[in-house]
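Counting from 0, one number per residue, gives the positions in the sequence shown under numbering that gives the first Met the number 0. By construction, the Cβ of each residue, glycine as well, lies at the ideal position given by its N, Cα and C atoms. A short worksheet on the structure shown next.
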Amino acid sequence: MQGRQIYWGVFAAALGVYAVMIVWTLPSITQSAGGLPPFDLRPMGYSADEARAFLSALGAEGRALYTGPQRLLDLAYPALLGFVLIGALRHLYAKGWLLTLLVFVVLAAMGSDYLENMRVALLLSGDTSDLTIASASRSTVMKSVLTSVAMFAVLAGLVRSGWRGWTSK
């Protein structure tokens with residue numbers, strides 16, 4: 000029973016961190032940048048011109064949020080979400096190649112998220128070279144794609160589990 004309590008505790012922590020980002024930090028950063036969305040909210044990536052426009056529009060309050068609270072949230076969230084997704088996948092899928100592949104997808108999504116965070120920190124510190132912007136954008140896209148695949152796998156597993164329960168009655 001203690002394993003379930005830990006899982007739900009981590010789930011609640013992930014949900015709490017996500018809520019803080021969605022309700023407070025990311026909207027405040029967007030407002031500080033004159034309505035331009037932060038890098039995290041650009042799942043299809045961004046060009047060098049878009050990144051530079053965002054950085055030049057970003058006010059002192061938004062920069063402080065990005066380098067303070069948002070940085071701390073960005074450290075916690077990928078690990079929390081990864082734990083939650085891997086736990087759900089382990090529950091929904093039998094051991095084997097598919098589960099191994101899906102766990103790899105989650106770990107790759109986490110790695111992409113951390114790479115994105117490191118590269119955005121470089122952008123905020125003043126390194127706005129085309130290479131840094133392009134690599135930050137690629138990391139954002141990879142994080143978005145891989146997280147979407149992992150979420151879809153959890154959803155598909157839940158549907159399959161529900162379908163089996165419904166048809167066995």
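query: Minimum length 4: unbroken alpha helix (DSSP H) runs contained in the region 12-89; result: 25-31, 47-56, 59-66
query: Check whether S27 and E49 have beta carbons under 9 Å apart; result: no
query: Outcome for D126 when other beta-carbon atoms lying within 10 angstroms are tallied against a minimum of 16; result: exposed
query: Nearest-angstrom Cβ-Cβ length linking V19 and L72, presumed shorter than 8 Å; result: 6 Å
query: Check whether S136 and G67 have beta carbons under 9 Å apart; result: no
query: Integer-rounded CB distance, given that S111 should sit under 8 Å from S138; result: 5 Å
query: Inter-residue spacing [alpha-carbon to alpha-carbon] between L57 and Y17; result: 22 Å
query: Contact the region 22-40 vs the region 87-104: 3+ CB pairs below 8 Å; result: no
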